[in-house]
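One structure is given below, encoded as structure tokens.
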Amino acid sequence: MSGQQINSSFDALVVGGGIAGGETALNLANNGFKVLLIEKELSIGGKMILLSKVFPTLDCAACITTPKVSEISRHPDITIFTSSEVNKITKTGLNSFEAVVVKKPRYVVVEDCTGCQLCEQACPVNVKDQYQFDLVGRKAAFIPFSIASPKAAAIDIENCVLCGACEKACPTNCIDFTQETEEYLVKIKTVVLATGFKLFDPLMIPRYGFGLYKNVITSMQMERELAPTRPFNTVLRPGDGKVPDKIAYVLCTGSRDASVGNPICSQICCMYSIKQAQLLMGTLPMADVTIYYINIRSFGKGFEEFYQQAKGMGVNFVKGKIGKITEKENGNLMLRYEDINEGIVKEAEHDMVILSVGVLPNQDAAKLFKAEELKLDAYKFISQADTLESPSKTSIDGVFVAGTASGPMDIPDSILSAGAASSEAISYLIRNK
Amino acid sequence: MKKKIGVYICHCGGNISDYVDVEKVRQAVEDEGGVLLAKTTMFACSDSNQKDMVDDIKNNDLDGIVVASCSPKLHLTTFRNVSERAGLNKYNYVHANIREQASWAHSDDKVGATEKAIQLVKAAIAKDRFAESLEPNVITAQKAVAVIGGGIAGMKAAQALSDMDCPVYIIEREQFVGGRVAQWGALFTTEETGKDLVARLYKDLISRTNVIIFTGAEVITNVGSIGDFKLKVKISPKDEIIEINVGSVLMATGFDSYSPKDGEFGYHQIDNVVTLPEFKQMVDQGDKQLMFKGKQVKNIAYIYCVGSRQEEGENTYCSRYCCTSTIHTAILARKKFAGIYNFHFTRGVRTYGKQEVLYAESSQLGDIYLQSNEETPPIITQAGNKTIIKVNDILTEGREIEVEADLVVLVTGMVPREDNSVGTLFKLPKGRDKFFNEIHMKLRPVETVIDGVTICGTCQGPKNIMETVNSALSAATKSFSYVSKGILETEPIVALVDSGLCEWCNLCSEACPFDAISMGSEGSKSIAVINNSVCKGCGMCTPVCPTDAIDLITYSNNEIESMIDALANG
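Line by line, the protein sequences give chains A and B.
Take 491 as the starting number for the first sequence in my numbering and just add one per residue.
Take 34 as the starting number for the second sequence in my numbering and just add one per residue.
Set out below in structure tokens:
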């Protein structure tokens, strides 16, 4: 750590550069406020930028995210720190906070990188690609993904063997192994927490065989297989590369399940599974897709119609919770479940299983505040101080919450929540001028 | 005529290039007259490609650009901004939609899709040769917003606008503000009553000097457009007319509760059948015992999805709030009154998100849940003084189950306002569900195609209170952004009248859907005059003109004819 301290001040600190944080930053900046946006990943855009298409309109997610991301990254009143985290926020008075921001070294001078990918070709190290949810590999010198912002290389120092091949290959000499962690102390007037959510880890439910059976994947992995920037350029099962023709979705994996500590409904899994099923029917017209569910929750604008459309396309809906999954020698999977309509326990064979994993709280934000207490709700999401009247207010005056940091929600609701958080933050800034 | 046009053909990451051979399109257009360079790109909208375009424009001194990608609805602004950043007037950029109009429309015919894409791009190039630099029209914006509807959405929006130092008028049709929420008792999740919540907001609003509340008030006329709406408001009981002038209008007109048809699940035919709003009032007002028509109520049957998720009928949508609202009220009833047994006849419970715990609580308290299919809804019959609900319950292998109920609650959903006069006044578009429609659910969720008019709350579709407030605050921020600077830039793409040719026959004015054309004069001659801030550039007036006196800027006869030539010659 360099211990370097650059004192600078902003009107607002937005923690998290996903769709909610980005929308909040834009709203604030468009109203003339100076914003510091902190993102811990190498690119802004959050989870949405990695999705395929989005329900219920089937817009391509990249097509909606990229222009927003590019508007955010170019806005003169928004300063973005990627691969950075906020370590501590202290309230120093009314309308006044201090935050310690730690920027981790990327080992690449972003301004000089042209995104030519020559370093990627030169790098001898292969590791799993976290932005493709481990479906394929990447190099230790790599560009996170094709529509990343900034679109610049980064060195994964934990896996780097320090061979120097990337430095030699780089035509602009932008790779710099001397970069160190930088610490900044910034002054701000208001804080918006848009720290998003975590996906349920299906290893917590061993009876579903995730991690053990290769053809059991998560919905986020299927999202990547269906995305425009998909790794295989088709849908296939990871076990043997076969194109699947009998696909099963297991809804409520890690949701509505007190046994894994998450009693609430994740609000998005029914709809994204129905969306993926529709996309699969388009990509693999001969495939059968079955969705095993407890209740279908298609509650939003156009959602019920989208569900009915999936039924019309031939997606098979079976009311029943999957008890156990076992693998056959050919890599196919046997799903044991109670068919609620018939009241009997059944088994069904599928050649690929997608676990529709739920939404869990990202508890990082709770640790940010030392002197004040940022209250969490019973499920460890950021607690809303006045849920009905001012949904984005938190337990700390001047600190607001946007998007899934306060609970599960879909993209339209996250954007409206960001709209509300920006409105509250603007009011706060004007009121305490 | 342009000589240095840059053409960009987008793969859209496969959305286009899976069906359209983008390289073939590029080759087909690179030698077109005026084209200096033609490139393909994976995502034209991506940050890195935008940078490349800016460099191209600067380095080659391009005088026009054509982007062939998705619908201009998505990215018109994106590429206009690219032009501006490169120092090229944004009206020198022309868009070709080869995704919705070629690759997606003809995914079964790759050769045909490619040929069509080539023609579309050639037509765009032909148009771009005539493109001229234009400056936006600058209009003044009144720094004030009219909020129509004084329910929870309107009140919250007004509060936010007032906080932003923006004067607000709330126009409420009823004699009191507070809307539906004011009629409700304890609310999930806070258990605060609707009355208290509204009272809290009302107290805050009346303490503000920049919020004016009109009750018993209705907007009767609307003249003008973004930046300058002139509204006439009629206020009862004296039918006094007040004129207000605002830069933006925020719609928060709410919903109607679905009103069951006579005989629908026994409504108006069997005595003890009520709707959810009626039941909520009974629970709120009842004391010790729940009474209905002089009889104590013990067994309550709730019939879900009445007027929502209709198999036959208009309301195909889910009303979103009713599952949670019913379960919450049922729990209140059993806690408040002795001897209550709740039977829920559902079509699958939708207590999404954290509301799930309410469903779990209700099950633990002993509420009985039954579920039927769409095809076999519960049947309600009256036998003597008994009301029987019969259902084939799919949760118990389709067994026929009968419940004798003292009270049947029809869980009625939200429907759009029957009286749409205010929507008509502002020409607001509606969606398939007949609620007001936003431009884009994710990109522009509170804006409408009528510039300067925002929508929020349940007039846009079913929502619970928290979701309503989120949308209200979003709409307030958007409305504020229209008026905050005092001036607004509007599109210069408007109709242009050649006064020499115009003989004022009134045909254009009749054709105009936005009332933008009126009769004016030049010397002694009557001519058509265009109101530039109202004109949307739709072009309805140009073909009806018998003397060819009206042209639409950027869509002149030269431009259109050259596009048709390009399309026809392939």
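Think of the CB as a built atom: it goes at the ideal place given N, C-alpha and C, for glycine as much as any other residue.
(request) Taking 8 Å as the cut-off, decide whether the C-beta atoms of E713(A) and L541(A) are in contact. (result) Your numbering for residue 713(A) matches position 223 in the first sequence. Your numbering for residue 541(A) matches position 51 in the first sequence. Using a Cβ distance threshold of 8 Å, E713(A) and L541(A) count as a contacting pair.
(request) Return no unless some Cβ of chain B is closer than 8 Å to the Cβ of K641(A). (result) For this step, residue 641(A) is matched to residue 151 along the first sequence. Yes, K641(A) counts as interfacial toward chain B.
(request) Please determine, among G833(A), N705(A), K809(A), D747(A), the residue with the shortest C-alpha to C-alpha distance to G386(B). (result) Start at 1 with the first residue of the second sequence, and residue 386(B) comes out as number 353. Answer by Cα proximity: D747(A).
(request) Taking only beta-carbon positions, decide if F793(A) is within less than 8 Å of chain B. (result) Residue 793(A) sits at position 303 when you count from the first residue of the first sequence. Judged by the 8 Å Cβ criterion, F793(A) is in contact with chain B.
(request) Quick one: give me the first and last residue of the alpha helix (DSSP H) that L516(A) is part of. (result) In the first sequence, counting from the first residue as 1, residue 516(A) sits at position 26. Start and end: 509-520.
(message) The beta strand (DSSP E) that contains P851(A), what's its start and end?
(response) Within the first sequence, numbered from 1, the residue matching residue 851(A) stands at position 361. Residues 849-851.
(request) Check whether the Cβ of M842(A) lies closer than 8 Å to any Cβ atom in chain B. (result) Numbered from its first residue, the first sequence carries residue 842(A) at position 352. The beta carbon of M842(A) does not come within 8 Å of any beta carbon belonging to chain B, so the residue lies off that interface.
(request) Would you list, in chain order, the members of the stretch 244-270 of chain B that have their beta-carbon closer than 9 Å to a beta-carbon of chain A? (result) none
(request) May I ask you to list, following chain order, the residues of the stretch 426-447 of chain B that have a beta carbon less than 8 Å from some beta carbon of chain A? (result) I427, L428, T429, E430, G431
(request) Could you have a look at Y385(B) and say whether DSSP puts it in helix, strand or coil? (result) On the second sequence, residue 385(B) is found 352 positions in, with the first residue counted as 1. If DSSP states are grouped into helix, strand and coil, Y385(B) belongs with coil.
(message) Quick check: the Cα distance between I246(B) and I203(B), rounded to an integer number of angstroms?
(response) By one-based count along the second sequence, residue 246(B) stands at place 213. By one-based count along the second sequence, residue 203(B) stands at place 170. Spanning the two alpha carbons is a distance of roughly 5 Å.
(request) Just the chain B side, please: which residues come within less than 7 Å of Y621(A) by C-beta, in chain order? (result) In the first sequence, residue 621(A) corresponds to position 131, counting from 1. Chain B residues near Y621(A): none, gap ~15 Å exceeds 7 Å.
(message) Against P851(A), what residues of chain B qualify as contacts under a CB-to-CB distance less than 9 Å, listed in chain order?
(response) Taking the first sequence and counting its residues from 1, the one referred to as residue 851(A) is at position 361. Contacts between P851(A) and chain B, judged by CB atoms closer than 9 Å, are missing: the closest CB pair is about 11 Å apart.
(request) Would you give the residue range spanned by the beta strand (DSSP E) that K826(A) belongs to? (result) Against the first sequence, residue 826(A) aligns to sequence position 336. A small fix is needed here, since residue 826(A) is Arg in this sequence, not Lys. Start and end: 823-829.
(request) Closer than 7 Å by beta-carbon distance: list the chain A residues that pair up with G47(B), in chain order. (result) As a working mapping, residue 47(B) is identified with position 14 in the second sequence. Those are P718, listed as they occur along chain A.
(request) For D778(A), collect the residues of the same chain with a Cβ closer than 6 Å to its Cβ; drop the 5 residues on either side in sequence, then sort them by chain order. (result) In the first sequence, the residue the question calls residue 778(A) occupies position 288. Only residues of its own chain outside the window of five on either side were considered, and among them K736 have a CB closer than 6 Å to the CB of D778(A), listed in chain order.
(request) Please decide whether A561(B) counts as near chain A, where near means a Cβ-Cβ distance under 8 Å. (result) In the second sequence, residue 561(B) corresponds to position 528, counting from 1. Not closer than 8 Å to any Cβ of chain A, the Cβ of A561(B) fails to qualify, so no.
(message) What does the alpha-carbon distance come out to for the pair C78(B) and M86(B)?
(response) Here residue 78(B) corresponds to residue number 45 of the second sequence, with the count starting at 1. Here residue 86(B) corresponds to residue number 53 of the second sequence, with the count starting at 1. Cα to Cα, C78(B) sits roughly 10 Å from M86(B).
(message) Can you give me the C-alpha to C-alpha distance between V306(B) and D295(B), rounded to a whole angstrom?
(response) As a working mapping, residue 306(B) is identified with position 273 in the second sequence. As a working mapping, residue 295(B) is identified with position 262 in the second sequence. Between the C-alpha atoms of V306(B) and D295(B) there is a straight-line separation of about 11 Å.
(request) Could you check what DSSP says for F221(B) in three-state terms: helix, strand or coil? (result) Working through the second sequence from its first residue, we reach residue 221(B) at position 188. Residue state, collapsed to three classes: coil.
(message) Do T491(B) and G227(B) count as a contact pair if the criterion is CB distance below 8 Å?
(response) Against the second sequence, residue 227(B) aligns to sequence position 194. Against the second sequence, residue 491(B) aligns to sequence position 458. No, the pair does not count as a contact, with Cβ atoms beyond the cut-off.
(message) For D841(A), tell me which candidate among N922(A), V725(A), S560(A), S880(A) has the shortest Cα-Cα distance.
(response) One-based indexing of the first sequence puts residue 841(A) at position 351. The candidate whose alpha carbon is nearest that of D841(A) is V725(A).
(request) Work out the CA separation of T173(B) and A232(B) for me, nearest whole Å. (result) In the second sequence, the residue the question calls residue 232(B) occupies position 199. In the second sequence, the residue the question calls residue 173(B) occupies position 140. Approximately 36 Å, taken between the alpha carbons.
(message) So, at 6 Å on beta carbons, what are the nonlocal neighbours of S499(A) in its own chain, with the 5 sequence-adjacent residues on each side left out?
(response) The residue labelled residue 499(A) in the question sits at position 9 within the first sequence. Beyond the five residues adjoining it in sequence on each side, S499(A) comes within less than 6 Å, by CB distance, of K677 in the same chain, given in chain order.
(message) What residue range does the alpha helix (DSSP H) around C355(B) cover?
(response) Working through the second sequence from its first residue, we reach residue 355(B) at position 322. That run of the alpha helix (DSSP H) goes 355-369.
(request) Reducing DSSP to helix, strand and coil, say where A908(A) ends up. (result) To locate residue 908(A), count along the first sequence from 1; it is residue 418. The DSSP-derived three-state label of A908(A) is helix.
(request) Measure the alpha-carbon distance for H128(B) versus T773(A) and round it to whole angstroms. (result) In the second sequence, the residue the question calls residue 128(B) occupies position 95. In the first sequence, the residue the question calls residue 773(A) occupies position 283. When rounded, the distance between both Cα atoms is 29 Å.
(request) Measure from the alpha carbon of A738(A) to the alpha carbon of each residue in M824(A), E863(A), L864(A), then state which is nearest. (result) Within the first sequence, numbered from 1, the residue matching residue 738(A) stands at position 248. Measuring from the Cα of A738(A), the nearest candidate turns out to be M824(A).
(request) Using DSSP bridges, identify the partner residues of C43(B). (result) Here residue 43(B) refers to the residue found at position 10 of the second sequence. DSSP, once it has assigned bridges, lists T74(B) as partnering C43(B).
(request) Reducing DSSP to helix, strand and coil, say where E297(B) ends up. (result) Residue mapping note: residue 297(B) aligns to position 264 of the second sequence, counting from 1. Helix at E297(B).
(message) Let me check understanding here. Comparing Cα to Cα, which of G654(A), L675(A), S533(A), P661(A) lies closest to T668(A)?
(response) Here residue 668(A) refers to the residue found at position 178 of the first sequence. For T668(A), the nearest C-alpha among the options comes from G654(A).
(message) Let's test the definition: count the other Cβ atoms within 10 Å of the Cβ of M447(B) and tell me whether it reaches 16, buried, or not, exposed.
(response) The residue you call residue 447(B) lines up with position 414 of the second sequence. It is buried - the Cβ of M447(B) has at least 16 other Cβ atoms within 10 Å.
(message) Please list, in chain order, the residues of the stretch 487-500 of chain B that have any C-beta partner in chain A closer than 7 Å.
(response) G494, I498, M499, E500
(request) Step through the CB atoms of chain B and report whether any lies within less than 8 Å of the CB of V611(A). (result) Within the first sequence, the letter at position 121 stands for residue 611(A). Contrary to the premise, residue 611(A) reads as Gln rather than Val in this sequence. For Q611(A), the answer is no, since every Cβ of chain B falls outside 8 Å of its Cβ.
(request) Locate the alpha helix (DSSP H) running through S504(B), then write down its first and last residues. (result) As a first step, residue 504(B) must be located in the second sequence, where it is residue number 471. From DSSP, the alpha helix (DSSP H) with S504(B) extends over 498-516.
(request) Please list, in chain order, all residues of the same chain as I483(B) whose beta carbon is under 7 Å from its beta carbon, the five residues on each side excluded. (result) As a first step, residue 483(B) must be located in the second sequence, where it is residue number 450. Excluding residues within five positions, the ones whose Cβ falls inside 7 Å are F459, K460, L461.
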